[in-house]
Amino acid sequence: MTEKKQDFFDKIQNITESFLTWRRRSRRKKKEKRRKKNPVLDWVLAFLWAAGMVLLANQYFIQAYVIPSGSMIDTLNINDRIFVNKMIYGPELLPGLLKIPSFFKPERNEIIIFENPSYISKGTVFDLAQRIIYMLTISLVDIDRDEDGQPSAHFLIKRAVGVGGDRILEDKDGIKIRFAGEERWVNEEDYSKNMNWQHNIRYEINTEEFRFLEKNRLGLETARNLHPHDHRYAREHAKRTLGWYIPPGRIFPLGDNRDNSRDGRSFGPVLKSKVLGRGSFIYWPLSRAGIIR
1 MTEKKQDFFD KIQNITESFL TWRRRSRRKK KEKRRKKNPV LDWVLAFLWA
51 AGMVLLANQY FIQAYVIPSG SMIDTLNIND RIFVNKMIYG PELLPGLLKI
101 PSFFKPERNE IIIFENPSYI SKGTVFDLAQ RIIYMLTISL VDIDRDEDGQ
151 PSAHFLIKRA VGVGGDRILE DKDGIKIRFA GEERWVNEED YSKNMNWQHN
201 IRYEINTEEF RFLEKNRLGL ETARNLHPHD HRYAREHAKR TLGWYIPPGR
251 IFPLGDNRDN SRDGRSFGPV LKSKVLGRGS FIYWPLSRAG IIR
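This note's numbering puts the first residue of the sequence shown at 1, with every later residue one more than the last.
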């Protein structure tokens with residue numbers, strides 16, 4: 001072996017020994033640090049890391065949600081636990097703040113989740129804390145409660161029935177839709193059958209209820225004529241006779257259980273930008289587990 005080759009191998013050996021020595025020293029230092037750490041601090045740091053991962057998942061990818069009422073029976077029953085796809089329509093950067101754009105927009109017949117228009121937020125910090133606890137406990141613990149101790153209706157989950165340009169009318173036969181650019185009214189149930197995405201709609205209005213609605217309509221008409229300066233009566237009368245108009249960029253949500261649902265008939269069309277996600281999967285109870293349609 002020549003002298004140059006020997007020098008080369010000596011250098012390789014020195015580099016290797018130096019690297020192995022550094023690695024052993026580094027491992028020893030890490031072990032010493034772990035020994036010195038407070039176990040309580042370790043637990044806190046692990047919890048914070050888990051909470052951060054949960055918050056990221058909840059805010060940007062998937063959100064757990066418990067169905068609080070019977071407004072979507074039989075599609076979704078009370079206490080069904082579901083996952084909501086937050087990515088599809090573009091997640092918010094922080095709760096209630098700037099929404100990330102998406103190529104997808106809510107479409108007719110989709111099950112959507114959106115912020116309750118009447119909900120009063122307790123602030124971004126509280127919302128963050130609530131969502132972290134809610135997700136860490138797989139929706140078992142909800143600190144966002146109303147004055148009666150019941151979970152606040154922060155979010156609503158309904159079916160998107162009307163889209164921009166439509167008119168929605170409610171009468172004794174159920175919901176009718178007049179699609180954008182058309183003159184005739186179409187019964188929702190007949191339309192959904194023809195489109196092959198029929199869903200179970202609970203809408204049972206008896207004679208007494210219809211008489212009440214008709215009396216209410218006539219009362220509004222009288223009030224409108226007696227108080228032409230008060231536009232509230234005119235607006236309410238128009239809803240009963242002409243239907244709700246859905247402006248572009250908005251969507252009209254309705255519960256499948258129409259007789260037991262606070263929805264677009266109460267608060268009107270919802271901005272598509274306020275729709276936070278789409279109902280994807282029932283994970284509990286196991287007997288009902290499956291894709292939401």
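C-beta: ideal position from N, C-alpha, C; glycine also.
If contacts are defined as beta-carbon pairs under 8 Å, then residue i and residue j qualify, I think. What distance do you get, rounded to the angstrom?
{"i": "Asp256", "j": "Thr75", "result": "5 Å"}
{"i": "Arg278", "j": "Ile78", "result": "Contact flag wrong, Cβ pair sits at about 20 Å."}
{"i": "Ile67", "j": "Ile157", "result": "7 Å"}
{"i": "Ile62", "j": "Val40", "result": "No, Ile62 and Val40 are not in contact; Cβ-Cβ is about 31 Å, not under 8 Å."}
Nearest-angstrom Cα distance between residue i and residue j?
{"i": "Phe179", "j": "Glu147", "result": "41 Å"}
{"i": "Pro248", "j": "Asp166", "result": "9 Å"}
{"i": "Phe114", "j": "Leu128", "result": "17 Å"}
{"i": "Lys86", "j": "Gln59", "result": "7 Å"}
{"i": "Ser280", "j": "Gly123", "result": "28 Å"}
{"i": "Arg145", "j": "Leu97", "result": "22 Å"}
{"i": "Gly294", "j": "Gly149", "result": "No information on residue 294 is available, as it lies outside the stretch 1 to 293 that the chain covers here."}
{"i": "Arg131", "j": "Ile168", "result": "34 Å"}
{"i": "Gly290", "j": "Ser192", "result": "22 Å"}
{"i": "Trp43", "j": "Ala51", "result": "12 Å"}
{"i": "Thr241", "j": "Asp173", "result": "14 Å"}
{"i": "Pro285", "j": "Ala64", "result": "14 Å"}
{"i": "Ile282", "j": "Arg159", "result": "16 Å"}
{"i": "Asn187", "j": "Met72", "result": "19 Å"}
{"i": "Arg28", "j": "Leu45", "result": "22 Å"}
{"i": "Ser287", "j": "Asp171", "result": "36 Å"}
{"i": "Arg24", "j": "Trp49", "result": "28 Å"}
{"i": "Ile143", "j": "Pro151", "result": "8 Å"}
{"i": "Glu107", "j": "Val125", "result": "32 Å"}
{"i": "Pro95", "j": "Met53", "result": "16 Å"}
{"i": "Arg293", "j": "Trp22", "result": "59 Å"}
{"i": "Ile15", "j": "Ser26", "result": "16 Å"}
{"i": "Ser314", "j": "Ser273", "result": "In the structure as shown, the chain begins at 1 and stops at 293. Residue 314 is therefore absent and cannot be evaluated."}
Please report the residue range of the alpha helix (DSSP H) in which residue i lies.
{"i": "Asn301", "result": "Outside the displayed range of the chain (1 to 293) lies residue 301, so it cannot be described from this structure."}
Grouping DSSP H, G and I as helix and E and B as strand, with all else coil, what is residue i?
{"i": "Val125", "result": "helix"}
{"i": "Gly290", "result": "strand"}
{"i": "Glu208", "result": "Summary for Glu208: the model assigns pLDDT 47, below 50, so the residue's position carries little reliability; its value from the coordinates is reported in the next sentence. The answer is helix: DSSP assigns Glu208 an H, G or I state."}
{"i": "Val141", "result": "coil"}
{"i": "Asn116", "result": "coil"}
{"i": "Gly181", "result": "coil"}
{"i": "Pro151", "result": "strand"}
{"i": "Gly164", "result": "coil"}
{"i": "Ile306", "result": "Residue numbering for the chain in the displayed model covers 1 to 293; residue 306 lies beyond these limits and cannot be assessed."}
{"i": "Leu271", "result": "strand"}
{"i": "Phe252", "result": "strand"}
{"i": "Leu76", "result": "coil"}
{"i": "Asn187", "result": "strand"}
{"i": "Ile157", "result": "strand"}
{"i": "Ile15", "result": "helix"}
{"i": "Tyr134", "result": "helix"}
{"i": "Lys30", "result": "helix"}
Restricting to Cα atoms, I'd like to know which of the options is closest to residue i.
{"i": "Tyr119", "options": "His154, Ser102, Phe47, Ala50", "result": "His154"}
{"i": "Lys105", "options": "Glu115, Pro117, Leu97, Gly90", "result": "Gly90"}
{"i": "Val243", "options": "Ile177, Ile15, Arg25", "result": "Per the sequence presented here, residue 243 reads as Gly, with Val not at that position. The shortest Cα separation from Gly243 among Ile177, Ile15, Arg25 belongs to Ile177."}
{"i": "Gly70", "options": "Leu56, Asp80, Ile62, Arg28", "result": "Asp80"}
{"i": "Leu324", "options": "Thr137, Lys99, Ala51, Asp173", "result": "No answer is possible for residue 324: it lies beyond the span of the chain, which begins at 1 and ends at 293."}
{"i": "Asn109", "options": "Ile251, Val186, Asn260, Ser261", "result": "Ile251"}
{"i": "Phe267", "options": "Pro39, Pro101, Phe83, Asn116", "result": "Asn116"}
{"i": "Leu254", "options": "Arg265, Ser26, Ile292", "result": "Arg265"}
{"i": "Ile82", "options": "Ser121, Leu140, Pro95", "result": "Leu140"}
{"i": "Thr137", "options": "Glu92, Phe126, Leu55", "result": "Leu55"}
{"i": "Arg258", "options": "Arg184, Lys29, Ile175", "result": "Ile175"}
{"i": "Met135", "options": "Tyr245, Trp22, Ala57, Trp49", "result": "Ala57"}
{"i": "Gly181", "options": "Phe47, Arg288, Tyr245", "result": "Tyr245"}
{"i": "Gly164", "options": "Leu94, Met53, Val270", "result": "Val270"}
In the DSSP assignment, find the unbroken beta strand (DSSP E) run with residue i in it and report its ends.
{"i": "Tyr283", "result": "275-284"}
{"i": "Asn85", "result": "81-85"}
{"i": "Ala64", "result": "62-66"}
{"i": "Ser174", "result": "Looking at the sequence shown, residue 174 is not Ser but Gly. Where Gly174 is concerned, the enclosing beta strand (DSSP E) stretches over 174-178."}
{"i": "Leu169", "result": "167-171"}
{"i": "Leu94", "result": "Here Leu94 belongs to no beta strand (DSSP E), and DSSP marks it neither H nor E."}
So does residue i have its beta carbon nearer than 8 Å to some heavy atom of the ligand COA?
{"i": "Ile111", "result": "With respect to the ligand COA, the structure shown offers nothing to examine, as it has no ligands at all."}
Does residue i have its Cβ less than 9 Å from a Cβ in chain B?
{"i": "Gln150", "result": "The chain inventory of the structure shown lacks chain B, comprising one protein chain alone."}
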